[in-house]
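In short: position in the sequence shown from 1, add 143, done, that's my numbering.
Note that the Cβ used here is the ideal one computed from N, Cα and C, for glycine as well.
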Amino acid sequence: MVVVNVFPGGSLDKAGLVAGDVITHVDGAELNTTRDAVATPRRYKAGDAVELRVLRNKKQTEVPLTFTQMPMEQSSEFDISYETLIVNGARRRTIITRPRGTGKHPAVLMVGGIGCYSLDQPFGSKHPYLRILYSLTSKGFVTMRVEKSGMGDSEGTPCAQQDFRSELVGYVEAAKALKRLPYVDSDQVYVFGHSMGGIHGPLVARKIPLRGVIALATAGTRWIDYEITNTRRQRSLRGIAGEELEKQVQQKEDCTTALLLEKKSREDVLKSAPSCAEWTEYPAHDTYMQQLAELDILGNWKHVNAPVLIIYGKADYVVSAEEHEAIAAFVNKLRPGTATLIAMQDLDHFFNRVASQTESMKAFSEGKELPFNTDVTDVIEGWLAKQTNAGNASAGAMSSGAVYWL
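Next up, the structure:
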C-alpha cells in the first residue's frame with residue numbers, strides 16, 4: 144500500500160510516515176491486494192496499536208502505530224451531528240446536517256450506491272454526496288446519511304456479508320428516524336437515491352409515506368437485463384465489436400444466470416466455468432445480488448405515491464437513458480404528471496462534468512480527477528423547491544411530467 148498523502152495529526156503522521164512510503168505488512172500480515180489494503184484498517188478502532196513493516200528508500204523498517212480517532216465533519220454555516228440508530232439490534236451511525244435557527248425544516252435522506260464504504264467525510268467536502276447535501280442544508284433542508292452495517296462507526300453484520308433486504312431495513316429505519324426529529328417537518332421528507340440508492344428509494348417509499356423520491360443514475364429493468372446491457376455498452380465503448388462482443392455478452396449472460404437466477408453457489412459456478420470469475424465480480428455479497436435479481440425494479444415504482452424526479456447523465460457509461468425514460472413513463476402512466484425526467488449534458492455516473500461516456504470511462508480507468516458538475520445540485524434544489532413551495536412561482540420554472548435536456 145503506497146502512501147500518497149498523510150493527513151496532519153492522523154495515525155500515519157504521528158507514526159512518522161511520509162508520502163512515498165510503502166506499507167507491506169500490518170502486524171505481520173502481508174498486504175498483497177487492494178482488498179487487503181482496504182480491509183485491514185477496518186479491523187481496528189481508535190486506540191488500537193499495531194506494527195507496520197514499511198519500505199522507504201529500498202530499506203525495510205518496523206514502525207509502531209496507534210490508530211487515532213477520526214475527526215468529525217464540521218461547518219461554520221450549519222450544524223452537523225453524529226447520532227445513533229438501532230437496526231436489527233445493532234447500533235448504526237447517522238450523520239445529520241441541520242440549518243441553524245428554530246422551526247421545522249424539510250428533510251432529505253441520502254441513499255448511496257452499492258458497495259462497502261463510509262459516508263463519513265471529515266477531511267473536506269469534495270465528495271459529491273457532501274457537495275449536494277451541504278448545499279441542500281444551506282438552502283434550509285435537514286439531511287441524513289446512515290452508515291451501512293459494519294461501516295464507519297456502525298456495528299452489526301460486516302458490510303461485505305450483508306444482504307440486500309437487510310440493507311434496505313437500515314434505510315427504512317433511517318427514514319422513520321428522520322421523520323421523528325423535532326426540527327423536521329414530517330410531511331416534507333424526501334429520499335434521494337444515487338445508483339443502487341435509486342432502487343432502494345421506491346422500496347423505502349413502500350414502507351414510509353414520503354413527499355417525494357429522487358433517483359439519479361439508476362436501473363429501471365430486471366437486474367440481469369441491466370447487467371447484460373451494461374456489459375454490451377461498456378465493451379463497445381472499449382472498441383470490442385462483432386463476433387467477439389457477442390461472445391463476451393453471452394458469457395456474461397450465462398455466468399450471471401447461473402449465479403443470480405439459478406442461485407448456484409459461486410463454488411459450483413466457477414467449478415463448471417472458471418471464466419465466470421471475471422463476469423461475476425460484485426462489490427456486494429452473492430446473496431445481496433441474488434435478492435436484487437429477484438426484484439421487479441420497474442414495478443416497485445408503483446408504490447411511490449408522491450412526485451418523482453429521475454435524473455440521467457448523458458455521459459454516464461454505467462446506466463442507460465432508456466431505463467430512466469422507462470421509469471418516468473411508468474410512473475406517469477400510473478399517476479399522470481407526477482414524474483419529471485431530466486437528462487443532463489456533461490454529467491457522468493460519478494457527478495463529474497465530462498463530455499462523453501468514453502471520456503468518463505477513460506478518466507475512471509486512469510484514476511483521473513474530473514470537476515464536479517454543479518448543475519446537478521441546481522436541478523435537485525430547483526425540483527425540491529417546487530415541491531416544498533407548491534404554487535409559489537419563485538420556486539422555479541420546472542413542472543412535473545416534463546422532460547428536460549440540460
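Where the alpha helix (DSSP H) containing residue i begins and where it ends
{"i": "L155", "result": "S154 to A158"}
{"i": "M504", "result": "Q500 to E509"}
{"i": "L346", "result": "G340 to K350"}
{"i": "E466", "result": "A464 to L477"}
{"i": "T520", "result": "D518 to T531"}
{"i": "V285", "result": "Premise fails: V285 lies in the beta strand (DSSP E), V285 to V289, not in any alpha helix (DSSP H)."}
{"i": "V562", "result": "Past the boundaries of the shown model lies residue 562; the chain is included only from 144 to 549, so the question cannot be answered."}
C-alpha distance - residue i paired with residue j, whole-angstrom precision
{"i": "Q393", "j": "M339", "result": "24 Å"}
{"i": "K505", "j": "G385", "result": "22 Å"}
{"i": "G400", "j": "I367", "result": "Here the sequence assigns Thr to residue 400, which means Gly is not the residue at that position. The alpha-carbon atoms of T400 and I367 are separated by roughly 7 Å."}
{"i": "N200", "j": "D411", "result": "46 Å"}
{"i": "V402", "j": "S418", "result": "Here the sequence assigns Leu to residue 402, which means Val is not the residue at that position. Taking the straight line joining both Cα atoms gives about 13 Å."}
{"i": "D170", "j": "P151", "result": "23 Å"}
{"i": "V474", "j": "R365", "result": "17 Å"}
{"i": "S542", "j": "T374", "result": "Any reading at S542 needs caution, since the residue's pLDDT is 36, under 50, leaving its predicted position unreliable; the model's value is listed next. Between S542 and T374, the C-alpha separation is close to 35 Å."}
{"i": "T245", "j": "Y326", "result": "8 Å"}
{"i": "K247", "j": "Q377", "result": "45 Å"}
{"i": "K457", "j": "L527", "result": "22 Å"}
{"i": "A545", "j": "A162", "result": "Per-residue confidence for A545 stands at a pLDDT of 39, beneath the threshold of 50, marking its modelled position as unreliable; no derived number is given."}
{"i": "R186", "j": "S281", "result": "36 Å"}
{"i": "F210", "j": "A192", "result": "6 Å"}
{"i": "S408", "j": "T372", "result": "24 Å"}
{"i": "L549", "j": "L208", "result": "Low local confidence applies: a pLDDT of 37 at L549 is under 50, so the model's placement there is unreliable, with the coordinate-based value given in what follows. Answer to the nearest angstrom: the Cα atoms are 50 Å apart."}
{"i": "Y333", "j": "E205", "result": "51 Å"}
{"i": "A318", "j": "Q203", "result": "50 Å"}
{"i": "H446", "j": "R381", "result": "38 Å"}
{"i": "E424", "j": "A472", "result": "32 Å"}
{"i": "A362", "j": "A482", "result": "16 Å"}
{"i": "S278", "j": "E220", "result": "10 Å"}
{"i": "M287", "j": "A486", "result": "26 Å"}
Endpoints, beta strand (DSSP E) assigned at residue i
{"i": "I238", "result": "A233 to R241"}
{"i": "R199", "result": "A192 to R199"}
{"i": "R178", "result": "Looking at the DSSP string, R178 is not in any beta strand (DSSP E); the run it does join, the alpha helix (DSSP H), is T177 to A182."}
{"i": "T202", "result": "The sequence shown places Lys at residue 202, rather than the Thr named in the question. K202 to T209 is the extent of the beta strand (DSSP E) around K202."}
{"i": "L484", "result": "A482 to M487"}
{"i": "E226", "result": "D222 to V230"}
{"i": "H168", "result": "V165 to V169"}
Whole-number beta carbon distance between residue j and residue i, since they are thought to touch under 8 Å
{"i": "F307", "j": "L435", "result": "5 Å"}
{"i": "V461", "j": "H492", "result": "4 Å"}
{"i": "L484", "j": "I453", "result": "5 Å"}
{"i": "D222", "j": "R241", "result": "5 Å"}
{"i": "H343", "j": "A360", "result": "That pair is no contact at about 13 Å."}
{"i": "R236", "j": "E290", "result": "4 Å"}
{"i": "A348", "j": "A449", "result": "7 Å"}
{"i": "P265", "j": "P184", "result": "The Cβ separation is near 15 Å, so there is no contact."}
{"i": "D294", "j": "S261", "result": "Checking the displayed sequence, the identity of residue 294 turns out to be Met instead of Asp. Indeed they touch by this definition, with Cβ atoms about 5 Å apart."}
Contact with chain C by residue i, beta-carbon distance below 8 Å
{"i": "E316", "result": "Absent from the structure: chain C. Only one protein chain is present."}
With three or more beta-carbon pairs closer than 8 Å as the criterion, would you say the region 302-322 touches the region 231-238? Counting C-beta pairs closer than 8 Å gives three or more between the region 302-322 and the region 231-238, which meets the contact rule.
Could you check whether the region 464-471 touches the region 489-499, counting it as contact only if at least three pairs of C-beta atoms, one from each stretch, sit closer than 8 Å? No, the region 464-471 does not touch the region 489-499.
Identify every run of the alpha helix (DSSP H) within the region 423-457, keeping only runs that are complete inside it and at least 4 residues long; order them along the chain. As far as the region 423-457 is concerned, its whole alpha helix (DSSP H) runs of at least 4 residues are 429-437.
What are the uninterrupted segments assigned as beta strand (DSSP E) that are 3 or more residues long and contained completely in the region 310-386, given in chain order? Qualifying beta strand (DSSP E) stretches, in chain order: 327-337 and 355-359.
Quick test of the definition: if touching needs 3 or more C-beta pairs under 8 Å, does the region 148-168 touch the region 187-205? Judged by Cβ distances under 8 Å, the region 148-168 makes contact with the region 187-205, as three or more pairs qualify.
Assess contact between the region 349-356 and the region 259-274, defined as three or more Cβ pairs (one per stretch) separated by less than 8 Å. Is contact present? With the cut-off at 8 Å, the region 349-356 and the region 259-274 do not touch.
Mind pulling the beta strand (DSSP E) runs of 3 or more residues that sit fully within the region 234-283? 248-254
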